[in-house]
Each structure stands twice: as C-alpha cells, then as structure tokens.
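Written below as structure tokens is the structure these notes are about.
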Amino acid sequence: MYEDRIEKAVEYFKKGFNCSQSVVAAFADIYGLDEQTALRVASSFGGGIGRMRATCGAACGMFLLAGLETGSTDPTDREGKGHNYAVVQQMADEFKKENGSLICAELLGLSKLAPTPSMPETRTAEYYKKRPCSEMVRTAATIFARYLAAKQ
897 MYEDRIEKAV
907 EYFKKGFNCS
917 QSVVAAFADI
927 YGLDEQTALR
937 VASSFGGGIG
947 RMRATCGAAC
957 GMFLLAGLET
967 GSTDPTDREG
977 KGHNYAVVQQ
987 MADEFKKENG
997 SLICAELLGL
1007 SKLAPTPSMP
1017 ETRTAEYYKK
1027 RPCSEMVRTA
1037 ATIFARYLAA
1047 KQ
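In the working numbering, the protein residues as written are 897 to 1048.
In structure tokens form, the structure reads like this:
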C-alpha cells in the first residue's frame, strides 16, 4: 500500500537529500506539509544529527513522522505523550532489530571518537557503494509504512 512512498524516500536520498529529509519528505503530504517545509524541518537530522554520527538520521526522520502521526499538543496530556513515546520506542526497536543499531557511527562502521567535519561528502557512485544509508532510509520508511498500514 505504501510501497511507492518507500521507493520515493530512497529516490530522495539518491538525489542528494540527507537520510532524515528523505524519509520525512516521502510522507509529508499526508500531514499537510509541503515538500520544502518537510525538507527544512528534517534537514538538521542527517548524518546522525548534524553529521555528529549519533542517532541515525533515517530513524530520526521516522520519529519525526511518528510525532506528526501521534504527537500530543496538550502539555497536560500524559497519556498522549506516553502513547507517542511508546510508538517511537516500538519503531526504534524494529529499526535496531533490522540493522543492529540506531547509532549512525555504528551503522557506518566508524569510530565514535573520530571527529566528523560538518561538510557532507560528495555523492558519487563510490559513496553509495560504501554507505548503507539508502538501506537505512528504506528500513525507516518501511517501518513507518507498516505502522500506518496496521492502523487502517
């Protein structure tokens, strides 16, 4: 049902958008977000949040979408907050089971201690061969699509 959105997320990544932008933009219209707004909102989360190699940007994009789907807007709504957090935790568990980690550096096989420059690498055929990022985008988009499909 959502296969086209999953492929759209991967296409966004292959166009040069970061992993978080790719996941969010593929589903943004469901929530009334235009493409430009979706890309801006998710832009800081690529590269494991600002290329700091922390939480995977694709997973962050999935969590942003979970907020759009289940997020609470009432500061006193503990049950609503709890539901959203439960959804995020479930998605995080699925992501970890499928990929072994939520941490960008671990997914890329990088040392957490090595400094990462803020400038992203140029996207070349070699870049795509050595990076599993498009598969992380596919996984995050698939997990979110499964969540939406299960709700229907």
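Every residue, glycine too, gets a C-beta built ideally from N, C-alpha and C.
Keep in mind that this is a model prediction, so the values were computed, not measured.
Which class does residue i belong to by DSSP, given the choice of helix, strand or coil?
i, result
"T966", "helix"
"T1035", "helix"
"T933", "helix"
"I999", "strand"
So residue i packs on residue j, CB below 8 Å; how close in whole Å?
i, j, result
"A955", "A1036", "6 Å"
"G953", "S916", "4 Å"
"A934", "R1034", "The Cβ separation is near 18 Å, so there is no contact."
"A1041", "I902", "6 Å"
"A1045", "Y908", "In fact, because the Cβ distance is near 21 Å, the residues do not count as touching under 8 Å."
Whose CA, out of the options, lies closest to the CA of residue i?
i, options, result
"L1006", "E975, T972 and P1028", "P1028"
"H979", "K992, T1038 and E965", "E965"
"T951", "Y908, G928 and A1001", "A1001"
"F941", "Q932, G928 and M958", "M958"
"Y1043", "L961, A1021 and M948", "L961"
"Y1023", "E990, K911 and E899", "K911"
"G963", "T972, R974, V984 and P971", "V984"
"L1004", "L929, A938, G943 and D930", "G943"
"A982", "E907, S968 and P1011", "S968"
"N995", "I945, K1025, A1021 and E1031", "E1031"
"D900", "N914, K992 and V919", "V919"
Let me know if residue i comes out buried or exposed under the rule of 16 or more other beta-carbons within 10 Å of its beta-carbon.
i, result
"T1038", "buried"
"E1017", "exposed"
"A922", "buried"
"E990", "buried"
"A1021", "exposed"
"R949", "buried"
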